[in-house]
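Encoded as structure tokens, the structure appears first; notes follow it.
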Amino acid sequence: MGVEPAYAFLSTGRRMSDTHFLIRLAEDDDDFILGLVPRFVDFSLPAWRKRHECIEGIRKDLSRHLDDQPSNSYVFVAENDDGDRVGFIHLQKTQDFFTGRANCHISDLAVVPRHEGQGVGKALIEHAMEWAREHQCQLVTLAVFPGNERAKALYEAAGFNLDLLRMAKPVH
3 MGVEPAYAFL STGRRMSDTH FLIRLAEDDD DFILGLVPRF VDFSLPAWRK RHECIEGIRK
63 DLSRHLDDQP SNSYVFVAEN DDGDRVGFIH LQKTQDFFTG RANCHISDLA VVPRHEGQGV
123 GKALIEHAME WAREHQCQLV TLAVFPGNER AKALYEAAGF NLDLLRMAKP VH
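The sequence shown begins at 3 in our numbering and counts up one residue at a time.
As structure tokens, this is what we get:
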């Protein structure tokens, strides 16, 4: 998935003892990554969205990125101190519509449920920010469903704010 450092160690600023995560490029992690896809719709979806269609669409998109490894697509896996895979992030280098400058887009981020609250999401976002700096990106962007309160809280705590608001209406 491009020429990237093979891994990075990130720690979370936790009180008792810092938790360290190895964040590395995905290799033979397809089953792990695709197994977390249902996490992306584990909340109330807009009425016109069907859970199974969302899961299938996300799974197809991630599979394509994992198989084809496009030059602007990077999937990283986080491991804890015990070597357990605890989450992943999919980053894409994009071009800002308004300025034409490089942006980093967090396409997907998921944490294994039993590892929630341990700083995994925070470490993955910190990794995305460092990756964006290294790649001279102007912004780090992401999209989140309005009903995904858990993800919105994580992103807001990391300093993300609204940029554009996408709205939709089904055609009948």
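Note that beta-carbon positions come from the ideal geometry of N, C-alpha and C, so glycine has one too.
DSSP-derived helix/strand/coil call for residue i
{"i": "E6", "result": "With a pLDDT of 42 at E6, under the threshold of 50, the modelled position of that residue is not reliable, and the figure given next carries that caveat. Coil, per DSSP."}
{"i": "V39", "result": "helix"}
{"i": "E118", "result": "coil"}
{"i": "L64", "result": "helix"}
{"i": "K171", "result": "coil"}
{"i": "W50", "result": "coil"}
{"i": "A160", "result": "coil"}
{"i": "F1", "result": "One cannot answer for residue 1 here, as it falls past the ends of the chain, which runs 3 to 174."}
{"i": "F34", "result": "helix"}
{"i": "D165", "result": "coil"}
{"i": "G59", "result": "helix"}
{"i": "A155", "result": "helix"}
{"i": "G123", "result": "helix"}
In DSSP terms, what residue i is bridged to
{"i": "G89", "result": "A80 and V113"}
{"i": "L27", "result": "F78"}
{"i": "L141", "result": "N105"}
{"i": "K95", "result": "C106"}
Beta-carbon proximity list for residue i, same chain, < 6 Å, skipping 5 on both sides
{"i": "N163", "result": "none"}
{"i": "A170", "result": "none"}
{"i": "Y157", "result": "none"}
{"i": "I127", "result": "A160"}
{"i": "F45", "result": "G149 and N150"}
{"i": "D110", "result": "H92"}
is_contact[residue i, chain B] using C-beta, thresh 9 Å
{"i": "R51", "result": "Structure shown: chain B not included; a single protein chain is present."}
Closer than 8 Å: residue i CB and nearest the ligand GDP heavy atom
{"i": "L156", "result": "With respect to small molecules bound, the structure shown includes none, and the ligand GDP cannot be examined in it."}
Own chain, CB closer than 7 Å to residue i, minus 5 neighbours either side, in chain order
{"i": "Q138", "result": "A104"}
{"i": "S19", "result": "The predicted position of S19 is uncertain, since its pLDDT is 39 and thus under 50; a value taken from the coordinates is nonetheless stated next. Around S19: no qualifying Cβ."}
- Message: Under 8 Å: do the region 52-60 and the region 68-86 share three or more Cβ pairs, one atom per stretch?
- Response: Too few Cβ pairs lie closer than 8 Å, so no.
- Task: Could you tell me whether the region 78-97 touches the region 43-54, where touching means 3 or more Cβ pairs closer than 8 Å?
- Result: In this structure the region 78-97 does not lie against the region 43-54, because fewer than three pairs of beta carbons, one per stretch, are closer than 8 Å.
- Message: For the pair the region 87-98 and the region 128-135, tell me if three or more CB-CB distances fall below 8 Å.
- Response: Touching, yes.
- Message: Any contact between the region 142-152 and the region 98-107? By contact I mean 3 or more CB pairs, one from each, below 8 Å.
- Response: Contact holds: three or more Cβ-Cβ distances are below 8 Å.
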